[in-house]
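Here's the structure, in structure tokens; my notes come after.
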Amino acid sequence: MSVVESHAAGSLSSRSPLLPEVVLSRLPLTILFFSTLSGLFFLLAVFLQDGMGFTPLTAGLTFTSIGAGFITTSLTSPRLVRRFGRYILSLGYALDLIGYVLAIGLLREYEPQ
Numbered sequence: 032m033s034v035v036e037s038h039a040a041g042s043l044s045s046r047s048p049l050l051p052e053v054v055l056s057r058l059p060l061t062i063l064f065f066s067t068l069s070g071l072f073f074l075l076a077v078f079l080q081d082g083m084g085f086t087p088l089t090a091g092l093t094f095t096s097i098g099a100g101f102i103t104t105s106l107t108s109p110r111l112v113r114r115f116g117r118y119i120l121s122l123g124y125a126l127d128l129i130g131y132v133l134a135i136g137l138l139r140e141y142e143p144q
């Protein structure tokens, strides 16, 4: 049994689990989301600098909108969970996918410098 599976089994049998059941029920999707996110940030930073000719500062400032989105979502998540219930994770994954597709579309429009 893996560490994740044993944690999931322990959390579900506990009266106060560390992770909500909705997260554990979508564990493979959650792991896929978070494991690809760090790779996206790294590769996008390298691409912006080497491929697009951005300075390190400009490439870093490109990520400020992502940070602002994380902060805003973190602060509003309790209200979003009350409003949308357990479907909020699926909505988040869908919005994330739309963002990836839009970013790919925008980056294809620019010529390397």
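Going from the sequence shown to our numbering is simple: count from 1 and add 31.
All C-beta atoms, glycine included, are put in the ideal place defined by N, C-alpha and C.
Less than 8 Å divides the Cβ of Phe115 from the Cβ of Leu122. If you look at Phe115, you'll find it in the alpha helix (DSSP H) that goes Thr95 to Phe115. A Cβ-Cβ separation of about 17 Å leaves Ala99 out of contact with Ala90 under the 8 Å criterion. Going by beta carbons, Tyr124 and Leu60 fall inside the 8 Å limit. The DSSP-derived three-state label of Arg46 is coil.
In this structure, DSSP gives Tyr141 a state outside helix and strand, which the three-state scheme calls coil.
In the assembly as shown, Leu79 is a buried residue. Its beta-carbon has 16 or more other beta-carbons within 10 Å.
Per DSSP, the unbroken alpha helix (DSSP H) holding Thr67 starts and ends at Leu58 to Val77.
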